[in-house]
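Asker: Here it is: the structure, laid out below.
There are 2 protein chains.
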Amino acid sequence: MRDGVAKPKVLVVEDDRELAGMLGELLADEGYETEAAHDGQRGLHLGLTGRYDVMVIDRRLPVLDGLELLRRLRARAVTTRVLVLSALGEVADRVAGLDAGADDYLVKPFEAEELLARLRALGRRDLDGAECLPLGTAALDLQRHEVVLPRGERITLSGREFELLRTLAQRPKAIHPRAALRTRVFADSTGESIVDTYVYYLRRKLGRDAVRTVHGLGYQIGVV
Amino acid sequence: MRDGVAKPKVLVVEDDRELAGMLGELLADEGYETEAAHDGQRGLHLGLTGRYDVMVIDRRLPVLDGLELLRRLRARAVTTRVLVLSALGEVADRVAGLDAGADDYLVKPFEAEELLARLRALGRRDLDGAECLPLGTAALDLQRHEVVLPRGERITLSGREFELLRTLAQRPKAIHPRAALRTRVFADSTGESIVDTYVYYLRRKLGRDAVRTVHGLGYQIGVV
DNA sequence: ACGGCTTCTGAGGCTTTTCTGAGATCTCCG
DNA sequence: CGGAGATCTCAGAAAAGCCTCAGAAGCCGT
Chain Z
1 MRDGVAKPKV LVVEDDRELA GMLGELLADE GYETEAAHDG QRGLHLGLTG
51 RYDVMVIDRR LPVLDGLELL RRLRARAVTT RVLVLSALGE VADRVAGLDA
101 GADDYLVKPF EAEELLARLR ALGRRDLDGA ECLPLGTAAL DLQRHEVVLP
151 RGERITLSGR EFELLRTLAQ RPKAIHPRAA LRTRVFADST GESIVDTYVY
201 YLRRKLGRDA VRTVHGLGYQ IGVV
Chain W
1001 MRDGVAKPKV LVVEDDRELA GMLGELLADE GYETEAAHDG QRGLHLGLTG
1051 RYDVMVIDRR LPVLDGLELL RRLRARAVTT RVLVLSALGE VADRVAGLDA
1101 GADDYLVKPF EAEELLARLR ALGRRDLDGA ECLPLGTAAL DLQRHEVVLP
1151 RGERITLSGR EFELLRTLAQ RPKAIHPRAA LRTRVFADST GESIVDTYVY
1201 YLRRKLGRDA VRTVHGLGYQ IGVV
């Protein structure tokens, strides 16, 4: 959902190649762009470095278990919505999955229709909201990469500026560590101070108070 | 969870008084503040006027059906997370519920544990764990390194100040010897009086009574 | 190829935090 | 009451973290 017209992007982490293929097709037909990982390690890497609107994670995975993968993502402040798929359907299993950080838990075997409905429910905020993200008294127009000020005035952002602000705006009031912003918005090879520079650019365009610095921890928006 | 210290607030819309009562108790035990409506009309009114962190809505309601209630809330841009409860458990029913705007759909009869886990998952989305340590009438926000005063006012702490206060707050009312605080919070090479200095800083920010000195033994919080 | 925009680097200067230490003040106990 | 030891207060130096910005390099349409 990055480039205005872009499709919502789903990461599927599923070791059963056949099921993974079917899911890929199903989601593609539904208008999603999908990417697949077949083990937990690979899923972790993609989850940490890529930008997805939703992730579908199988619970039983080789190398790194699905729930463990999920916990590690959450520990690294990845807040993407996650739907866990599992053959384990006891209440205790579901509770364990949800408490590991899943947003939803679907028991196999499942109907395609239900999976799609649940994905719609998870994606809805970031997609319908694909209009705008609230930004204090202003809003961030996700289609046009512009900040819309209360009076209707518009400020255009460059690609990186937009990605950075969007990442911050997805969790307003949360503190986003530099390192997290750097891995999510910029390439791994960029210098340490790239985030500072882009925060500076944002503040220059939007005003000094647009982004708050929390000394020693990171940046934050949405406070006052 | 607006003020950091406040409990998350749940609106329960359920016409079965007995079940509504049980839900209320269950949620209260879990630390939620609850409010109840027994028909759709009342639920709509509360949902539009009140501020809730999550809503639990029964599907079959008098006056105004649960899904219709949900649709009207969504139509009026209420984005609060909603969990729909229903006796109708067919895939088509679930899809209908989710597509009406529910964030989750739980089929009756359900286990209390699962309901709670799903509510946690829903609450987490906005909250992202604004965990706090109680601090007398105030609280210590562990994510943001801030002290939250009863009115919602926030005082930010530096890294060391925070570590020191957190160490004290982990065992309120216990007497923490200087030496223990020094080894836990500061480097081994620091001077003997570093703890005194930081206690002074804390008192300067939070008030003289924030930390109590127990002469000859150490420091203490949580009395008064 | 040219001009304009975007991305990235890195250096200098500024701000906040951390730590030291020395004098003032307090507490306990004889 | 008086003194030893404990504690408080605080200025200032050093370190760490952050801001600002100029300029190089890349991209893109003309």
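Going line by line, the protein sequences match chains Z and W. If you count by my numbering, then the first sequence holds residues 1 to 224, one letter each, in order. If you count by my numbering, then the second sequence holds residues 1001 to 1224, one letter each, in order. Beta carbons: idealized from backbone N, C-alpha and C, even for Gly.
Among Z:32, Z:119, Z:95, Z:38, whose alpha-carbon lies nearest the alpha-carbon of residue 1095 of chain W?
Answerer: Z:119
Asker: Out of W:1015, W:1022, W:1032, W:1019, state which residue places its alpha-carbon closest to the alpha-carbon of residue 1008 of chain W.
Answerer: W:1032
Asker: By the 7 Å beta-carbon criterion, what residues does the segment 1081 to 1096 of chain W contribute toward chain Z?
Answerer: 1091, 1094, 1095
Asker: Taking CB distances under 8 Å as the criterion, tell me whether residue 1007 of chain W reaches chain Z.
Answerer: no
Asker: Where does residue 1131 of chain W land, buried or exposed, given buried means 16+ other C-beta within 10 angstroms?
Answerer: exposed
Asker: Assign residue 223 of chain Z to buried or exposed, taking buried as 16 or more other Cβ atoms, counted over all protein chains shown, within 10 Å of its Cβ.
Answerer: exposed
Asker: Quick check on this structure: which residue in Z:154, Z:210, Z:216 has the alpha carbon closest to the alpha carbon of residue 1156 of chain W?
Answerer: Z:216
Asker: Determine the contact status of residue 1040 of chain W and residue 1074 of chain W, defining contact as a CB-CB distance below 8 Å.
Answerer: no
Asker: Tell me which same chain residues have a C-beta within less than 6 Å of the C-beta of residue 14 of chain Z, skipping the five on either side of it?
Answerer: 20, 58
Asker: Going by alpha carbons, who is nearest to residue 143 of chain Z out of Z:37, Z:133, Z:72?
Answerer: Z:133
Asker: By DSSP's criteria, residue 1009 of chain W is part of a beta bridge. Which residues make up the other side?
Answerer: W:1033
Asker: Residues in its own chain within less than 8 Å of residue 171 of chain Z by CB, not counting five upstream and five downstream?
Answerer: Close CB contacts of residue 171 of chain Z within its chain, under the 8 Å cut and outside five residues either way in sequence, are with 79 (chain order).
Asker: Counting only beta-carbon separations shorter than 8 Å, does residue 215 of chain Z have a partner in chain W?
Answerer: Using a CB distance cut-off of 8 Å, residue 215 of chain Z counts as an interface residue toward chain W.
Asker: On a Cα-Cα basis, can you pick out the residue from Z:169, Z:104, Z:151, Z:152 that is closest to residue 123 of chain Z?
Answerer: Z:104
Asker: Beta carbon of residue 73 of chain Z: closer than 7 Å to some heavy atom of the ligand GTP?
Answerer: Although the ligand GTP was asked about, the structure shown includes no ligands whatsoever.
Asker: For the segment 1108 to 1125 of chain W, which residues have a CB atom closer than 9 Å to at least one CB atom of chain Z, in sequence order?
Answerer: 1110, 1111, 1113, 1114, 1116, 1117, 1118, 1120, 1121, 1122, 1124, 1125
Asker: Closer than 7 Å, Cβ to Cβ, to anything on chain Z: give me those residues from the segment 1036 to 1070 of chain W, in chain order.
Answerer: Along the segment 1036 to 1070 of chain W, none of the residues has a CB nearer than 7 Å to a CB of chain Z.
Asker: Who pairs with residue 86 of chain Z in a beta bridge, going by DSSP?
Answerer: Paired residue(s): Z:107.
Asker: Using a threshold of 8 Å, state whether the C-beta atoms of residue 231 of chain Z and residue 71 of chain Z are closer than that.
Answerer: Nothing can be reported for residue 231 of chain Z, as the shown portion of chain Z is limited to 1 through 224.
Asker: Check distances from the C-beta atoms of the segment 1131 to 1158 of chain W to those of chain Z and list, in chain order, the residues that come in under 8 Å.
Answerer: 1143, 1144, 1145, 1156, 1158
Asker: Ends of the beta strand (DSSP E) at residue 80 of chain Z?
Answerer: Segment: none, residue 80 of chain Z is in no beta strand (DSSP E) and carries neither H nor E.
Asker: For residue 1011 of chain W, count neighbouring C-beta atoms within 10 Å of its own C-beta (all shown protein chains included) and say buried if the count is 16 or more, exposed if not.
Answerer: buried
Asker: Per DSSP, what kind of secondary structure is residue 220 of chain Z in: helix, strand or coil?
Answerer: strand
Asker: With a cut-off of 8 Å on the beta carbons, I'd call residue 1106 of chain W and residue 1114 of chain W a contact; round off their distance for me.
Answerer: 7 Å
Asker: Can you confirm whether residue 1102 of chain W, when its beta carbon is compared against all beta carbons of chain Z, has any partner nearer than 8 Å?
Answerer: yes
Asker: Whose C-alpha, out of W:1065, W:1207, W:1029, W:1051, is nearest the C-alpha of residue 1149 of chain W?
Answerer: W:1207
Asker: Candidates Z:165, Z:64, Z:68, Z:35: which alpha carbon is nearest residue 55 of chain Z's?
Answerer: Z:35
Asker: According to DSSP, what are the bridge partners of residue 138 of chain Z?
Answerer: Z:135
Asker: Assuming residue 176 of chain Z contacts residue 190 of chain Z under a Cβ cut-off of 8 Å, what Cβ separation, rounded to an integer in Å, is found between them?
Answerer: Actually they are not in contact, since the Cβ atoms of residue 176 of chain Z and residue 190 of chain Z sit about 16 Å apart, beyond 8 Å.
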